[in-house]
Amino acid sequence: MALRNKKVDQLYIYQQSGGTLQVGDTSKATLDDPILRNVLAFKAYGSNLLTYVTDTNAPSGQINVNIWDNKKTYLLTSIGRAARI
Numbered sequence: 000m001a002l003r004n005k006k007v008d009q010l011y012i013y014q015q016s017g018g019t020l021q022v023g024d025t026s027k028a029t030l031d032d033p034i035l036r037n038v039l040a041f042k043a044y045g046s047n048l049l050t051y052v053t054d055t056n057a058p059s060g061q062i063n064v065n066i067w068d069n070k071k072t073y074l075l076t077s078i079g080r081a082a083r084i
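In structure tokens form, the structure reads like this:
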């Protein structure tokens, strides 16, 4: 779990078992549909900017490091699975 845009009622909720990342609003008691799937790790920067790691569309034996910017994904690099995230 991480704060979204440094607001205590806005959260990024990470479900490690399924690799989903969702937005939750504690003031409204809501949980949005997943914004990302197959996430292995993530770091939030504000309300609509994330870096995250996934194996989706990665070359064999590697993982992708991506930026998610307001519903658009950009590949930064691919790294070997043995590398530390």
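Take 0 as the starting number for the sequence shown in numbering that gives the first Met the number 0 and just add one per residue. All residues carry an ideal CB built from backbone N, CA and C; glycine is no exception.
Helix, strand or coil at Y51 according to DSSP, with G and I counted as helix: It is a strand residue.
Cβ-Cβ distance between L30 and D54 below 8 Å: If you check the CB distance, L30 and D54 do not come in under 8 Å.
Straight-line gap, G45 to Y11 (C-alpha atoms, nearest Å): The alpha-carbon atoms of G45 and Y11 are separated by roughly 11 Å.
Opposing strand residues paired with Q14 [DSSP bridges]: Its beta-bridge partners are T19.
Residues of its chain near D32, where Cβ-Cβ distance is below 8 Å and the 5 sequence neighbours each way are ignored: Cβ within range, chain order: Q21.
Whole-angstrom distance between I66 and Y13, CA atom to CA atom: Distance between the alpha carbons of Y13 and I66: 16 Å.
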